[in-house]
Each structure stands twice: as structure tokens, then as C-alpha cells.
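Q:
Protein chains: 2
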Amino acid sequence: MHPLAEKVLARDMRGTARACRWADDRTGDYLTVLKDLFPHTGRAWTIGVTGNPGAGKSTLTDRLIAVFRKQGKRVAVVAIDPTSPFSGGAILGDRIRMQAHFSDPDVFIRSLATRGALGGLSRSAADVIRVLDAWGADVILVETVGVGQDELEITRTADTTLVVMAPGLGDDVQAIKAGLLECADVFAVNKADREGADAAVRDLELMIALGGEVVKAGVHSRGHAAGTLDIQKQVVRHDANKWVPPVARTVSTRDEGVAALVTQLEAHYAWLTGTESGAARRFERLREAMRTQLREALLDAAMGELGSALDDAAQAVAHRQTDPYTAAEQLVTAFRGR
Amino acid sequence: MHPLAEKVLARDMRGTARACRWADDRTGDYLTVLKDLFPHTGRAWTIGVTGNPGAGKSTLTDRLIAVFRKQGKRVAVVAIDPTSPFSGGAILGDRIRMQAHFSDPDVFIRSLATRGALGGLSRSAADVIRVLDAWGADVILVETVGVGQDELEITRTADTTLVVMAPGLGDDVQAIKAGLLECADVFAVNKADREGADAAVRDLELMIALGGEVVKAGVHSRGHAAGTLDIQKQVVRHDANKWVPPVARTVSTRDEGVAALVTQLEAHYAWLTGTESGAARRFERLREAMRTQLREALLDAAMGELGSALDDAAQAVAHRQTDPYTAAEQLVTAFRGR
């Protein structure tokens, strides 16, 4: 076993930090370390925390750490920052608020920068989560700042996804809600002491109800819109194991509603690990993760071998001597032919 | 030539809509159509419009359409909506505001849903942009709702990226600014009649100045922090062709500052097409697009041929019989061996 993997398993903080950095940067013997650690993973409960900017995700994450620590659980936090080569590193920003936990040996906090690499963020996140799982985390909180597709991809790899909302955040909130609805297992309407909180909760509950119908109508009564509602009721009756996302209310700055929120998160985890539907979902997620892994492994292998052929192809496309579709097909053929 | 490609080149609206749908859904003879159209692309100026939810991107996009139409330009709009299988289709939301342009035959508006496919959004966007380029658009506005990595990837494929901000949008705005800084060619502080607009402009200008320094210090004086500022000054002196993003002020609801913003966008396009640095950047973007194309072509080919091997690999990983890294390597080998 690689000495760094041994350090992670021995719960050495600095060694674990280095293993995370290697996994994120893809430097050192990162692949050996990840392979060595993998048999020691699978114990942690991963919770994705996402939602609109300004919803108060960081403060709520901070409160969740406190609740889990009181339960005696070891906690890791992976904070996904939309940083860039331009600004040169992860913006710590309100991560500072979590400083109270920095001296706690059973809390590990890691910021992950997004370096603009294609799909690089979700790959890094998955690998760092595995390191922290092997380190012995009982709970891993993955907090994303943005709400784009890559962030959705990350939260989709989590066991439980918590979507945090706040009342009154502007025009596009409705649209973003729709994007998040799909991946949410539990909703928290945070800043619930603000005006508009009741309306936000009602909107969400309506959306959850309607969303379920749309999906079922699409699957079970394609072309028979008139029968939608009846069919939907039947389906719900026969699909008692389906998880319906609950909506919690929190005021994280005053620590209100957080314990109740944790109970709902735990209920989801019980569903996930204790029912057949939960098992099916876990396998679907695993399959998706495997697909991402394959996509990146293919690209790595091809980029390593094709050398300047990619540049040549880009030149030919720039001069309209070929089109990008044909050029990509030829690169795939060249890669397979070697 | 495929009949649908002929319809696009003949500027048939319904045919163009169908070609966009095929490209987005990857159904029909979409690949033939895209290949046929490619030689007729390369004329359009693509402008990415991105920024925080609530910054007023849709209204500003609407105003930009009007200015370009007054110039006699043909305009296409691609609106990227973070929708999902759950909600069943693209949320039109405030797209409604653009309805004034729906009857104009020289304006083409297309919503693109994000279906949660890995990397699928940027691929769809690139293909739909090519269809609209072939249709004869002079300007293509690509408006993203989210600000995640996938959206950054899309705006990176645009010729010119406009980042829209508004004063007072909550805690995480600072962090998101940093993520957007890298890809911004022009900034617009919208809702500039609001309190905090002056501060927002100052913050941005400071960030732009500092951002340049950080990058250059990193490249030119690694480990010599003391010499950073001097070195940076020299570099700036020798790098007169570098594009420095200007910051415009707009109140799009009152149509203020929009003409001046368009002048700044045009200045960027002149830089891009008229200078060596601009040409270098265009090639870099093209190379990145080629890389994305290759990644997706590899995954498509592999998924088509590996069949149930991916499921088997996921099962083996689930039972900890292998690790995902080794499993992915084996799948790559199997794919190349056929």
C-alpha cells in the first residue's frame, strides 16, 4: 500500500489533506493512492448541499456540522468554489465562518476549485469524496456555490441532496427551482423568518406534487392526457416506496429548524439504504458515476496518444477543410487503430 | 445535401426549428444535417450573455436584439434553461418578454433544455449555434440562466462573453464574480439606478486589475512575490494587445446605456478579428471545442459497443470487487481491442 494511503487510513490530517490535493490536481501517485483507498470506502453518508447564491448554504452547512458532531459523527466538508485560473485559487469567503471547526480533529474541511477543465470538477469531487470516506468520515457534506449542470452532476453523486432556498431572490428563481427539483431529496426554505417564506413553501410543495404528475403522465399515459390524474393516483397507490421530498423551514443564523431538517435527511437515508427503490436508485447513481469515469478515462487515453492530431484537426476545421463531426470520428478511429 | 439542410440554408423558419430540435435531441439524420451545414458556418458573431440569477439578463438580451435589429442585422437567440426530465420541457418563464420579436422573420429564438446528460448541454448548444449560423444569423445571443461550470463552458465557446451583474444580490455574489471573471470580455452592471451600483462598478474594476496581476505574478515571478508589481508593470507595457474587459452601466428596463454597451461589445469583436492576440484566442477556443467534440464522440462510440459491460463494471464496483479506476481502464482497453 502507498504510504500516503496508509496515512489517510491512520487518519493523519496532513496526509489526508495531501491525498485530497493529489486527487484534485491529479499529480503524484494519485491513482495508486485512490486505488489503494477504494476498498476502504462505502461507509460514509454523502449529503449534497446546493441552491441559489444567497440562500445561506454556508451558514446552514455550518449548523449541520454542529448537529452531526453532537451525535458523535465524524464530519467532512467539501466546498466547491467556482474559482478560476484567473483568480488563482479557491475563494475562502464565508468558509471563514466554519473556522470554529478547524481545530476539531473529527471535522475535515476541504475547498475544491473549479479550474475550468471539462468535466474536471465532478471527477475531482468524486475522488476527494472517496479519500474522505476512507479517512473515516461518517457524513460528508458537499456544498456547491453555483447551480449549473456540473453542480447538479455532483449533487447527483451524493446519497442525499439538500436543496436550500430563500424567499425573494429575484426573477430567475422560478426557473432554477425547476432545474433543482429533479435532484432534490429534501428542501430547506432557509431565512424562513423573512416575508414570502410561506409562499415559497407552498410553491415548492405544489411543484413537487405537479412534477410527480408530469413524470407519471409522461410515462404511463402518453397521448392520453385526459386520463392523467386518475392514472397518477393509481400509480401513487402502487408506488408507496417512492420518495417524496419533504420541505423543511430553517433560520440557520438563529439555529432554528436545523434539528428537524436533520431528522428529514436521516429519513431519506433510511429510505435509500432500507428499501428496494432506494437500492435501485443507489445503483443508478453508481452506474452514472461509472459512465463519467469511463468518459474521462477515454479522453485521458486519447489525449495522451493523439498528440498534435487534435491541433491539426482544429486547424482543418478552422479552414473549413473538414467539419468537427467528421474530424472527431477520424480521431476516434485513429485512437482505436493504434 | 439533406433536404432539411437545404431548408435551413433557404432560411425556412419551420425547417430551421426542426434542425435545431434534431441537433438538441440527437434524433433524425441530425449528424448528416450538421455536416452538410458546417461549410456554411463561420459568419455569425456569437455573444454569450451570462451572470447571476436576478441580474436582468433576459430584459437586457431583449434590448440587445432591438439594437442589432436597428442595425439591420439578423439575430438568433439561444436561451439555455436549466430544466429537467422532471419538469418535462423548457421553462419559457420570462422568455415571454421576447414575444415582441416572435413575428420578426429576422429574429430566431430557441430555448434549449438541459436534460441532465453529462456534457450534453454544451454539445447541444454548439450544434444549435452552428445551425443558426448556417441559417444566416449575423449575431447569435446565447443566454444562460445558471452560472455553473457547464454554462461557463458554453460562454467560453462564444466569441464575446458579456457578464451581467446587478447590485445587491446576496452573499455568494463575490464568489461567483470570481468564477465569471475569467470568461468575461465585457461586464454590464445592470439595474445601475439601484443603490450599490457605484460600489459594484468599483469592485469589478478592482478585480479586473488585481486578476491580471495574480495571473502574471503566477507566470512570471513564481516564488518571487516581492518583485510582483514591478514585473507586472513591465508585462503590461509589453502586452499592449491584451484585452481588458470594460465595465458598462445599464438600466435595461429603461433602455439606458444599451447603445454604449453594444459599442463595447463591437470593440471586443474588432479586437478578436483584427489582432494577433484575438486570432490566438479564437484558435484556443476552437481547440477546446474540438476537444469536447472528441470526448463526446469517444463516449458515444464506447457506449454503443460496450453494451452491458458498463453495468457489469458498476456491479463489480458496488461489491468492491474492483475499483472504478481499474474498471474504467479495463473498459477503455476492451473498447480499443474490438
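These protein sequence lines are chains S and C, in that order. Under our numbering, residues 1225 to 1562 are what the first sequence spells out, in order. Under our numbering, residues 1225 to 1562 are what the second sequence spells out, in order. Glycine residues also receive a C-beta, built at the ideal position from the N, C-alpha and C atoms.
Locate the beta strand (DSSP E) running through S:R1473, then write down its first and last residues.
A: Unbroken beta strand (DSSP E) run through S:R1473: 1471-1473.
Q: Name the chain S residues whose beta carbon is nearer than 9 Å to that of C:P1263?
A: Near C:P1263 (Cβ distances below 9 Å), the residues of chain S are R1544, D1547.
Q: Let me know if S:R1354 comes out buried or exposed under the rule of 16 or more other beta-carbons within 10 Å of its beta-carbon.
A: Buried, because 16 or more other Cβ atoms sit within 10 Å of the Cβ of S:R1354.
Q: Please list, in chain order, all residues of the same chain as C:A1421 whose beta carbon is under 8 Å from its beta carbon, the five residues on each side excluded.
A: Taken in chain order, the residues that qualify are P1391, V1413, K1415, R1473.
Q: Would you give the residue range spanned by the alpha helix (DSSP H) that S:M1237 belongs to?
A: Unbroken alpha helix (DSSP H) run through S:M1237: 1237-1249.
Q: Using 7 Å as the threshold, is the C-beta distance between S:A1229 and S:D1260 below it?
A: Cβ atoms of S:A1229 and S:D1260: closer than 7 Å.
Q: Counting C-beta neighbours from all protein chains within 10 Å, is the total for S:V1388 16 or more, i.e. buried, or is it exposed?
A: By the neighbour-count rule (16 or more Cβ atoms within 10 Å), S:V1388 is buried.
Q: Taking the C-alpha atoms as reference points, what is the distance between C:T1564 and S:L1485?
A: The requested residue 1564 of chain C is not part of the displayed model; chain C covers only 1225 to 1562.
Q: Could you list which residues in chain C have their beta carbon closer than 8 Å to that of S:E1553, in chain order?
A: Per Cβ cutoff of 8 Å: A1521.
Q: Can you give me, in chain order, the residues of the region 1501-1512 of chain C that have a beta carbon less than 7 Å from any beta carbon in chain S?
A: For the region 1501-1512 of chain C, which is checked against every Cβ of chain S, the residues closer than 7 Å are F1507, L1510, R1511.
Q: Under 6 Å from any heavy atom of the ligand SAM, does the C-beta of S:Q1488 make it?
A: As for the ligand SAM, it is missing from this structure, which has no ligand bound.
Q: Do the region 1485-1498 of chain S and the region 1488-1506 of chain C make contact, defined as three or more Cβ pairs closer than 8 Å?
A: At 8 Å Cβ cutoff, the stretches do not touch.
Q: Can you have a look at C:P1470 and say buried or exposed, based on whether 16 or more other CB atoms are within 10 angstroms of its CB?
A: With 16 or more other Cβ atoms within 10 Å, it is buried.
Q: S:L1534 to S:L1555, Cα distance in whole Å?
A: Whole-angstrom Cα-Cα distance: 8 Å.
Q: Taking only the alpha-carbon atoms, compute the straight-line gap between C:G1275 and C:E1512 and give it to the nearest angstrom.
A: If you take the alpha carbons of C:G1275 and C:E1512, they lie about 22 Å apart.
Q: Are C:D1417 and C:S1348 touching if we call contact CB-CB under 7 Å?
A: No. Outside cutoff.
Q: By a C-beta neighbour count over all protein chains shown, 10 Å radius and 16 as the cutoff for buried, is S:M1514 buried or exposed?
A: S:M1514 comes out buried.
Q: Which residues bound the beta strand (DSSP E) around S:T1550?
A: Note, S:T1550: premise wrong, no beta strand (DSSP E); alpha helix (DSSP H) at 1548-1561.
Q: Cα-Cα, which of C:I1378, C:P1329, C:D1427 is closest to C:M1237?
A: When only C-alpha atoms are compared, the closest one is C:P1329.
Q: So the alpha helix (DSSP H) C:A1234 belongs to, where does it begin and stop?
A: Per DSSP, C:A1234 belongs to no alpha helix (DSSP H) and is neither H nor E.
Q: Under 7 Å Cβ-Cβ, which residues of chain S neighbour C:V1556?
A: In chain order: A1521, L1522, A1525.
Q: How big is the Cα-Cα spacing for S:T1270 and S:L1258?
A: Straight-line Cα distance between these residues: approximately 18 Å.
Q: State the Cα-Cα distance for the pair S:E1406 and S:T1379, rounded to the nearest angstrom.
A: One C-alpha to the other measures close to 11 Å.
Q: Using beta-carbon positions only, say whether S:S1466 and S:E1367 come within less than 7 Å of one another.
A: The identity of residue 1466 of chain S in the sequence shown is Lys, whereas the question assumes Ser. Cβ distance not < 7 Å, so S:K1466 and S:E1367 don't count as in contact.
Q: Using a C-beta to C-beta distance shorter than 7 Å, which residues of chain C count as neighbours of S:A1537?
A: Per Cβ cutoff of 7 Å: M1514.
Q: Got a sec: is the Cβ-Cβ distance from C:Q1517 to anything in chain S below 7 Å?
A: Yes, its Cβ sits closer than 7 Å to a Cβ of chain S.
Q: Please confirm whether C:V1291 and C:V1425 have their CB atoms less than 7 Å apart.
A: The answer is no: Cβ separation not under 7 Å.
Q: Is the CB of S:L1255 under 7 Å away from at least one CB in chain C?
A: Yes - at least one Cβ of chain C is within 7 Å of the one on S:L1255.
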